[in-house]
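In what follows, a structure is listed as C-alpha cells, so that the remarks can point back to it.
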Amino acid sequence: MTVDVSLTSYPGLDDRITVIRAGDEVDAVFVSTERFNVLVDTLGTPSLCRRALELLADRMRDRPLIVVNSHMDWDHFWGNRAVGGAPIIAHQSAIDRLRDPSALQTLEQKRTTEPRFDEVELVPPTLTFSGESMTLHGGDLSLHLLHTPGHTPDHLAVWIPEIETCLAVDAVEHPIPEVWSSAPDDLRSLRSSLDLIRSLNPKQLVLAHGQTSDHAVLDRNIAYFENIQEAVALVPASELMSAALAQREGMRLKDFVDLPAGMSFGAREFYERCHRSNLAATIAARGAS
Ligand SMILES: [Zn+2]
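Residue numbers for the sequence shown follow numbering that gives the first Met the number 0, beginning at 0 and rising by one.
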C-alpha cells in the first residue's frame with residue numbers, strides 16, 4: 000500500500016498551522032511559532048515522516064523542532080525514527096504503553112501485512128510529564144498539551160488559546176470516538192475529555208481522522224454518549240446482558256449517528272465495534288451506579 004503525504008489546511012485555520020495528511024490513514028499537524036516549530040505526531044512510518052519534513056522544509060525557518068506524540072497508537076508515532084535528535088514529548092503514561100508487550104506485538108503483526116512497516120522502530124519519547132498539562136511557550140503562540148484520556152490512557156490534545164484552536168487528535172472523531180475499553184472508567188474519561196474540549200469553546204477544531212474541521216462533530220460526539228446512556232437506562236435489567244443488544248432497533252449505531260455516505264465496509268465494521276464497546280461500558284456504568 001502506498002500512502003501519499005500532502006500539506007493542507009481548513010478555511011479559517013491560522014496560517015501558522017499546517018495539516019499534514021497521510022492519505023486516508025491519519026493527519027498530523029505542524030505548528031510554527033516565533034521560537035520553535037512543533038510537529039504533533041509523526042505519522043505511521045519513518046518514510047512518511049521524512050516526506051512530511053521535506054515538504055515542510057521552507058516553513059521551518061531555521062527554528063528548532065519539538066515533537067509531540069499525542070498517544071502511542073501506531074499511526075501517530077511510528078515515524079519517530081525520522082525526527083533525528085529533536086526532543087519528543089508525550090504523557091508519562093505513554094511509557095507504560097510502550098513497555099506493554101502489546102506495543103511490539105502490534106508492530107510484528109503489522110509487519111506481516113505490509114512491508115512498509117519493516118523500517119519501523121519503536122522510538123520512545125524523550126520528555127514526559129505526568130498530571131494534567133504542560134505548556135510550550137512559543138512566544139506568539141502557546142501550546143497547552145492537555146491530558147485527555149479515554150480514547151487511550153496517554154492521549155493528549157493541544158490547545159492554542161491565542162488562536163482559539165484545539166488539535167483534538169483522536170479525542171473527537173467522526174462519526175464516534177473509539178473508547179479504550181468497555182470499562183466504565185475509560186468511558187467516563189472519554190466523556191470528561193470531550194467536556195473539557197468543549198469547555199475551551201474552540202473556534203477551530205482539528206481532528207486526526209475524518210478529514211473534517213466541522214465543529215459540530217464535537218457536539219455530536221457528546222450527544223451520542225448522552226443518548227446511549229438514556230437508551231440504556233430504558234432497557235429492562237433482564238435484557239441488559241443480551242449480546243444482541245447492539246443489533247436491536249433503537250440501539251444500533253445508525254440509530255444514534257448518521258454514518259457518512261460511501262463509508263467503506265471496513266470502516267463501518269470498525270465503528271460498529273466502537274459502538275459495542277461504548278454500549279458495554281455504558282451498561283457497566285449503569286450497573287455500578
Ligand atoms: Zn488515530
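Where a beta carbon is used, it is the ideal one built from N, C-alpha and C, also for glycine. Everything numeric in this text was worked out from a predicted model, so none of it was measured.
* **Proximity to I370 [Cα-Cα], best of A21, L126 and L12** => No answer is possible for residue 370: the residues shown for the chain start at 0 and end at 288.
* Asked: Under the three-state reduction of DSSP, which class applies to V18: helix, strand or coil?
  -> Judged by DSSP in its simplified three-state form, V18 adopts strand.
* Asked: Among residues of its own chain, excluding the 5 on either side of A280, which ones have a beta-carbon nearer than 8 Å to its beta-carbon?
  -> V178, S180, S181, A182, P183, D185 and L186
* Relative to the C-alpha of D13, which residue among P114, V256, S192 and S212 is closest? -> S212
* Bridge partner(s) assigned by DSSP for S31 -> N36
* Could you give the residue range of the beta strand (DSSP E) that holds F289? -> Here the chain covers residues 0 to 288 and nothing more, so residue 289 does not appear.
* Asked: Among all residues, which have a Cβ less than 6 Å from at least one non-hydrogen atom of ligand 1, and in what chain order do they fall?
  -> V25, D72, D74, H75, D169, A207 and H208
* Please name the residue, chosen from L278, C48, T44 and S141, that lies closest to S31 on a Cα-to-Cα basis. => Looking at the Cα atoms, S141 is the closest of the given residues.
* What's the gap between the Cα of L195 and the Cα of E225? -> If you draw a straight line from the Cα of L195 to the Cα of E225, it is about 15 Å long.
* C-alpha gap between P100 and G11, whole angstroms -> 42 Å
* For L193, which three-state DSSP category applies? -> helix
* Let me know if P114 comes out buried or exposed under the rule of 16 or more other beta-carbons within 10 Å of its beta-carbon. => exposed
* Hey, would you say D153 sits closer than 7 Å to R190, going by beta carbons? -> No, the Cβ-Cβ distance between D153 and R190 is not below 7 Å.
* Asked: Roughly how many angstroms separate the alpha carbons of Q210 and I16, rounded to a whole number?
  -> 15 Å
* Within the segment 192 to 252, ranges of the beta strand (DSSP E) (whole runs, at least 3 residues) -> 203 to 206
* Assigned secondary structure, R47 (DSSP; H/G/I helix, E/B strand, else coil) -> Before going further, note that residue 47 is Leu rather than Arg in the sequence given. Of the three classes helix, strand and coil, the one that applies to L47 here is helix, per DSSP.
* Asked: Can you name the residues that DSSP bridges to D26?
  -> R20
* Asked: Under 7 Å, do E24 and V2 count as touching if we go by C-beta distance?
  -> yes
* Check whether the Cβ atoms of L42 and G78 lie closer than 7 Å to each other. => yes
* **Inter-residue spacing [alpha-carbon to alpha-carbon] between P235 and G286** => 12 Å
* Nearest to V122 by CA position, among A215, I87, S46 and E107, is which residue? -> Taking only the C-alpha atoms, the option nearest V122 is I87.
* **For A89, the three-state DSSP class (helix, strand or coil)** => A89: strand per DSSP, three-state reduction.
* Comparing alpha-carbon positions, which option in M240, H173, Q246 and V157 lies nearest V37? -> V157
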